[in-house]
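**Q** Here it is, the structure in full.
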Amino acid sequence: MKLDSNYKLDDSIGYKLFHASRLMNNRINKYFKENDFPVTYEQWQILSRLYEKDGLTQNQIAELNEKDQPSVSRLIVNMINRGLVIRSTHPSDARINIISLTEQAKESEEKLKIIANQTIQDATKGIDPEEVTKCLRMLDQIRANLK
852 MKLDSNYKLD DSIGYKLFHA SRLMNNRINK YFKENDFPVT YEQWQILSRL YEKDGLTQNQ
912 IAELNEKDQP SVSRLIVNMI NRGLVIRSTH PSDARINIIS LTEQAKESEE KLKIIANQTI
972 QDATKGIDPE EVTKCLRMLD QIRANLK
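Now the structure itself:
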């Protein structure tokens with residue numbers, strides 16, 4: 852791609868990605884609130900990882916979600932207070948925290964996934980599924996380029 856000295860913020864891929872992401876986050880947060888789920892988008896990311904594999908370490912969660920440890924720690928404290936996860940000490944290394952789903956979180960899994968899928972459907976309404984697949988591949992490439 853040729854670099855253009857006529858940069859316009861509104862035409863920037865980063866600007867458009869940021870705003871699309873913010874709008875999707877706002878939408879899913881709205882749906883969680885409307886359905887009385889005490890979950891935010893950032894907490895949903897952690898729950899999603901735990902739904903894939905329960906009993907991850909805080910470090911694994913941070914790496915999978917590409918977040919720093921202090922941010923993940925704060926999110927987990929809030930999730931513990933909301934009854935979504937529990938924190939326990941690793942059996943062989945007391946320095947490691949294991950994060951596990953509570954029964955409440957397990958019981959909410961399907962309903963939360965339905966809300967997440969509804970948000971994706973809202974965002975991709977009127978877009979050919981092949982174009983969505985291409986877009987996802989492009990976003991993966993952007994992430995790989997910037998890592």
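Heads up: the sequence shown begins at 852 in this note's numbering, then just goes up one per residue. Cβ coordinates follow ideal geometry from the N, Cα and C atoms, glycine included.
Put V936 into one of helix, strand or coil per three-state DSSP.
**A** Within the sequence shown, the letter at position 85 stands for residue 936. Of the three classes helix, strand and coil, the one that applies to V936 here is strand, per DSSP.
**Q** Do the CB positions of D905 and L935 come within less than 9 Å of each other?
**A** On the sequence shown, residue 905 is found 54 positions in, with the first residue counted as 1. On the sequence shown, residue 935 is found 84 positions in, with the first residue counted as 1. Not in contact: D905 and L935 (Cβ atoms no closer than 9 Å).
**Q** Excluding five sequence neighbours on each side, which residues of the same chain lie with their C-beta closer than 6 Å to the C-beta of K948?
**A** In the sequence shown, the residue the question calls residue 948 occupies position 97. Before going further, note that residue 948 is Asn rather than Lys in the sequence given. Excluding positions up to five away in sequence, the list reads Q909, R938.
**Q** Using a Cβ-Cβ cut-off of 8 Å (strictly less than) and excluding sequence neighbours within five positions of R878, which residues of its own chain qualify?
**A** In the sequence shown, residue 878 corresponds to position 27, counting from 1. Here the set comprises T970, D973, A974.
**Q** Below 9 Å between beta carbons: does that hold for F888 and K962?
**A** Here residue 888 corresponds to residue number 37 of the sequence shown, with the count starting at 1. Here residue 962 corresponds to residue number 111 of the sequence shown, with the count starting at 1. Yes; because the gap between Cβ atoms is below 9 Å, this pair is in contact.
**Q** Give the secondary structure of N948 by DSSP, where H, G and I count as helix, E and B as strand, and everything else as coil.
**A** If you number the sequence shown from 1, residue 948 lands on position 97. Three-state DSSP puts N948 in a strand.
**Q** Would V890 be called buried (16 or more neighbouring beta carbons within 10 Å of its own) or exposed?
**A** The residue labelled residue 890 in the question sits at position 39 within the sequence shown. Counting Cβ neighbours within 10 Å, V890 comes out buried, since at least 16 surround it.
**Q** How many whole angstroms separate the CB atoms of I912 and I931, which I take to be in contact at a CB cut-off of 8 Å?
**A** Position 61 of the sequence shown, counted from the first residue, corresponds to residue 912. Position 80 of the sequence shown, counted from the first residue, corresponds to residue 931. Not really, about 13 Å apart at Cβ, beyond 8 Å.
**Q** Measure the Cβ-Cβ separation of Y882 and I966 and say whether it is below 9 Å.
**A** Sequence index remark: in the sequence shown, residue 882 carries index 31 (1-based). Sequence index remark: in the sequence shown, residue 966 carries index 115 (1-based). The answer is yes: Cβ separation under 9 Å.
**Q** What does DSSP give as the partner residues of T908 in its beta bridges?
**A** The residue given as residue 908 occupies position 57 in the sequence shown. According to DSSP, which records beta bridges pairwise, T908 is partnered with I949.
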